[in-house]
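Notes follow once the structure below has been shown.
Here it is, written out as structure tokens:
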């Protein structure tokens, strides 16, 4: 099969012209290694997951790096933090164009270790699973339920693997391993329950005390596990926007999964047709839409200024994009037919936001674009176009 070009490539090449080190982070199996080897095919590839390579790097770091003075791609670089301080010596003697490419699947682990030694010399790029456009732009358009159920991890799509089987193995082989590296968790059954409880709350306000109570764990434990899932790019927290709108606003973040396929697996859904009537359909659709916007932001290297807005009376805008001191409001509805009540929150928002409101969009589960109530109606397949 032909190599799928990733939208982040342009941004990655731009970084390579001005930084000596580039780190590529993202969840396991999102395509980081493939991307790095494709874009930087002029330098050797070195996997630090290989025990022999890791031992050589740790036992005599200076000699190990001397082999790669002209550059290399170091995969899972956070496994050998000693590399970074020795790397600094080589970088400071040479030119500023990219020499080393570091990949890692643990955001906090990789970046914290890099910044201690390579501050000012490294640029970060985040690679998430495929966006809708990346995978489907040259293919027959799929059903919405197919996309939500399968998710967009590259192995599921380019190998046509059974989604449920793949996601089960992903949880067992990758998430559990990362968890054990980041925290001492003895009872994996409780952690599995925690994962499932998080999946049932995707698209909802994060209630740590309720989550902890449902899992029989302490609130501090729930907070720690949320951080681990963030560090492994399983979930993200969308922060509320509350500047210049008074004090009666919700200031709790919302929880989302980066990949709806993993979320449907954790919810116990075993086929795509069940999504048509499942009560979680709206939450999963919202996760998909917000995830598409997140991918567009990361792929372009833009500053992440995506929020949601909600007041204490329950009025909510699903996504708010801040840019150049103006706000764009985005409502997300999974229905296939546009209904007049889809615009009630948008109309109320316009009155509250006033002149700061630049544009309004409705992303829905149908296929026809249009304009209603002064709002641009966007089919679900074109969600990311809002940010272009």
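Residue numbers (this note's numbering): 7 to 394.
Idealized CB from N, CA, C, for every residue including glycine.
Bear in mind that the values here come from a model prediction, so they are computed numbers and not experimental data.
Item, Value
"Whole alpha helix (DSSP H) elements within the segment 321 to 394, 4-residue minimum", "350 to 359"
"Rounded separation between residue 393 and residue 347 - CA only", "25 Å"
"One or two residues paired with residue 31 in a DSSP bridge", "110 and 132"
"Proximity winner among 154, 35, 237 and 332, relative to residue 164 (alpha-carbon distances)", "35"
"Where residue 132 falls, given that 16 or more other Cβ within 10 Å makes a residue buried", "buried"
"Integer-rounded CB distance, given that residue 390 should sit under 8 Å from residue 78", "Not quite, the Cβ-Cβ distance comes to about 33 Å (not below 8 Å), so this is no contact."
"Residue 124 versus 156, 151 and 26, residue with shortest Cα-Cα distance", "26"
"Own chain, CB closer than 8 Å to residue 297, minus 5 neighbours either side, in chain order", "134, 262, 263, 264, 265 and 266"
"Beta strand (DSSP E) runs wholly inside the segment 34 to 75, at least 3 long, in chain order", "51 to 53"
"Member of 358, 197, 370 and 231 whose CA lies at the smallest distance from the CA of residue 412", "Since the first residue of the chain shown is 7 and the last is 394, residue 412 is not available in this structure."
"Pick from 182, 343, 330 and 316 that is closest to residue 336, judged by C-alpha positions", "316"
"For residue 273, three-class secondary structure by DSSP", "coil"
"Alpha-carbon to alpha-carbon, residue 313 and residue 325", "6 Å"
"The segment 65 to 80 touching the segment 40 to 56, judged by at least three CB pairs closer than 8 Å", "yes"
"Inter-residue Cα distance where the pair is residue 351 and residue 290", "20 Å"
"Member of 184, 28, 192 and 311 whose CA lies at the smallest distance from the CA of residue 103", "28"
"Residue environment, residue 126, which counts as buried when at least 16 other CB atoms sit within 10 Å", "exposed"
"Candidates 193, 65, 367 and 215, of which the one nearest residue 333 by Cα", "367"
"Residue 312, enclosing beta strand (DSSP E) - first and last residue", "312 to 316"
"contact_flag[the segment 57 to 69, the segment 39 to 47] where n(CB pairs < 8 Å) is 3 or more", "no"
"Straight-line Cα distance separating residue 237 from residue 192", "19 Å"
"Presumed contact (8 Å Cβ cut-off) between residue 211 and residue 258, rounded CB distance", "5 Å"
"Distance, residue 93 Cα to residue 46 Cα", "18 Å"
"Residues bridged to residue 244 [DSSP beta-bridge criterion]", "260"
"Residues of its chain near residue 363, where Cβ-Cβ distance is below 6 Å and the 5 sequence neighbours each way are ignored", "333 and 356"
"Whole alpha helix (DSSP H) elements within the segment 194 to 218, 4-residue minimum", "194 to 206"
"Contact under 8 Å by Cβ, residue 17 with residue 307", "yes"
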